[in-house]
């Protein structure tokens, strides 16, 4: 059986537990330091608690330490890795190759998407270096994934939902260049979400004050079967900064989608145990999203960005059909409620937001009428009732168990066996009087042994195999049940699948003679690693340099020529080579360079 994993983000212990309860087979969570979301580090104590909880279900916990490291951080990072291994962490997600030169415990290594896993030769190199898993670039298409799978043996992970970095991951230096906050150090200032002008060589403004680099969010809900069949073993949800409602909704949505795919293919199974029963209908559009795109999964498609706003839009719910003095009329197939947040683009294409204070049929009474315009398309970016429903839902993933209570000789035994065949048993050595009412006594035994409450277990079957029916106090039966379930849970944790072989770190020949600053070599151990791989010409990381003029700040598959109808591959009427284009903000000017062969765009910092 081929195991397929749904991998969800965990901002903290609470969201990590929620992710597992709502269907994740694994979660990834930030270490106390050195994670690509510096704002959401977690204590070792909380990480340990999450690991113990996850391992009950044979779910896994991966730790993100995917920033580049400086020389003065190497010892601290190495010690932290050993601490995480002792806690039972299942894998470490890393970017910095200097980690491969450390004295590592036998912990599984995953190559973060920050290691720029786009080209086949790069992925093959990382596989040979000793990584157990490669987290693929979001920009890869289905056909490219198939090619990578056909030419590698390493585990492959792929994003299916969440925010998109416009730059090829690990190759973005925009934030550091303009604010000193490095994306490769977990401190991205999101320059891609800001407003820019697009200008030509003559200074003509082609687009003014637009969010030209702000992508919509990824949603591959309808592509799960193709992704799994292409050879992906782990489907990844983005969102370590997202709240618990997002985690509940998105995780349960993709868990259901994955279950549907597995149901159609008997060679597949989920990578963890248990069943999820949620009391709401999951819908990605009803929690935070900037609008959705399939990105490059089926090839280049238009409008992968939203030039008008980087903010959450939510679900489209209808149109304004009339504006009155204190209310407006809406045409919608969806009910609206007091407390809902609505947004719309006004006639100037600016995103405006209002709150619903009252609803009477199709009449909406908002907190502010001044911005409402007739004909506007309405989006609900704060679904009050759905948010309340998610908050109130306390679903717990359940593992099915079979209970056998039997008499062997003079002893009474309780055997509990779970859906994976793991068992725990305990006996009672006391003597009991025979029950005067046999049926009532049996009913009481079944009732007490079946009390599973808010534990992680649910009853599959219960069987009594008694030669004579004793009268047993409820307190004693409850103690027997609790003790046996505790031992079963510990047995599950002890048997949680975990590879204990040391990563086979090697130094394969690197595929290039030189490593530029885009190799992100920021410490002596990373430099040593690449030298052992045959590279002697190694440029220091961008973050260690002082002059950024003329340097490429970003490489992206998002092409502004294409978005503005100027792609020379598609527009046959363009007789001449298209002229240069520039991004301009309040402070600087950036030239755009187009590599049509690779279908990529570079953003280059121009001198002041």
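Numbering (my numbering), first residue to last: 1 to 608.
Glycine included, each C-beta is placed from N, C-alpha and C at the ideal position.
Tell me the DSSP bridge mates of residue 288? Bridge partners of residue 288: none, in fact.
For residue 381, does the count of other Cβ atoms within 10 angstroms reach 16, so buried, or fall short, so exposed? buried
Reduced DSSP category for residue 260 - H, G, I as helix; E, B as strand; rest coil: helix
Other residues of its chain near residue 52: CB distance less than 8 Å, five sequence neighbours each side excluded: 88 and 493
Apply the 10 Å Cβ neighbour rule to residue 137 and answer buried if 16 or more other Cβ atoms are within range, or exposed otherwise. buried
Among residues of its own chain, excluding the 5 on either side of residue 560, which ones have a beta-carbon nearer than 7 Å to its beta-carbon? 198, 212, 581, 592 and 601
Which residue comes first and which comes last in the beta strand (DSSP E) that contains residue 219? 217-219
Please state the DSSP three-state secondary structure of residue 228. helix
Opening and closing residue of the alpha helix (DSSP H) in which residue 478 lies: 474-494
Is it true that the CB of residue 356 sits closer than 8 Å to the CB of residue 337? yes
Report the partner residues of residue 366 according to the DSSP bridge assignment. 356
Quick one: what does DSSP say residue 521 is sitting in, helix, strand or coil? coil
Less than 8 Å between the beta carbons of residue 317 and residue 284, yes or no? no
Give me the Cα-Cα distance between residue 101 and residue 517, rounded to the nearest whole angstrom. 20 Å
Beta strand (DSSP E) runs wholly inside the segment 70-111, at least 3 long, in chain order: 91-94 and 108-111
Beta-bridge partners of residue 382, as assigned by DSSP: 341
Pick helix, strand or coil for residue 468, following the three-state DSSP scheme. coil
Residue 397, DSSP secondary structure in three states: coil
Determine the direct distance from the alpha carbon of residue 67 to that of residue 365, and round the result to whole angstroms. 48 Å
Quick one: what's got a C-beta closer than 7 Å to residue 208's C-beta in the same chain, skipping five residues either side? 197
Same chain only: Cβ atoms within 8 Å of residue 628, ignoring 5 sequence neighbours per side: Nothing about residue 628 can be read from this structure; the chain reaches only from 1 to 608.
Let me check one thing: in DSSP terms, what residues is residue 329 bridge-paired to? 322 and 363
For a minimum of 4 consecutive residues, which ranges assigned as the alpha helix (DSSP H) are wholly contained in the segment 523-562? 524-532
Provide the residue span of the beta strand (DSSP E) that contains residue 164, from first to last. Looking at the DSSP string, residue 164 is not in any beta strand (DSSP E), and its letter there is neither H nor E.
Quick one: residues in its chain with C-beta nearer than 7 Å to the C-beta of residue 404, no 5 flanking neighbours on either side, listed in chain order? 415, 463 and 465
I want to check one thing, is the minimum distance from the CB of residue 61 to the heavy atoms of the ligand HEM below 7 Å? What this structure holds is no ligand at all, so the ligand HEM is not there to describe.
Identify which residue in 143, 149, 105 and 103 has its Cα closest to the Cα of residue 123. 149
Out of 1, 346, 246 and 352, which one is the CA nearest neighbour of residue 374? 346
Confirm, please, whether the CB-CB distance from residue 36 to residue 27 is below 8 Å. no
Out of 397, 425, 496 and 179, state which residue places its alpha-carbon closest to the alpha-carbon of residue 456. 397
Just to confirm, are residue 504 and residue 130 a CB contact at a threshold of 8 Å? yes
Distance check for residue 177 and residue 392, CA to CA, integer angstroms please. 44 Å
Along the chain, where does the alpha helix (DSSP H) that runs through residue 179 open and close? 174-179
Can you tell me whether DSSP reads residue 65 as helix, strand or coil? strand
Sequence-distant residues of its chain with Cβ nearer than 8 Å to residue 151 (five each side left out): 120 and 124
Are the segment 59-78 and the segment 31-51 touching, with three or more C-beta to C-beta distances below 8 Å? yes
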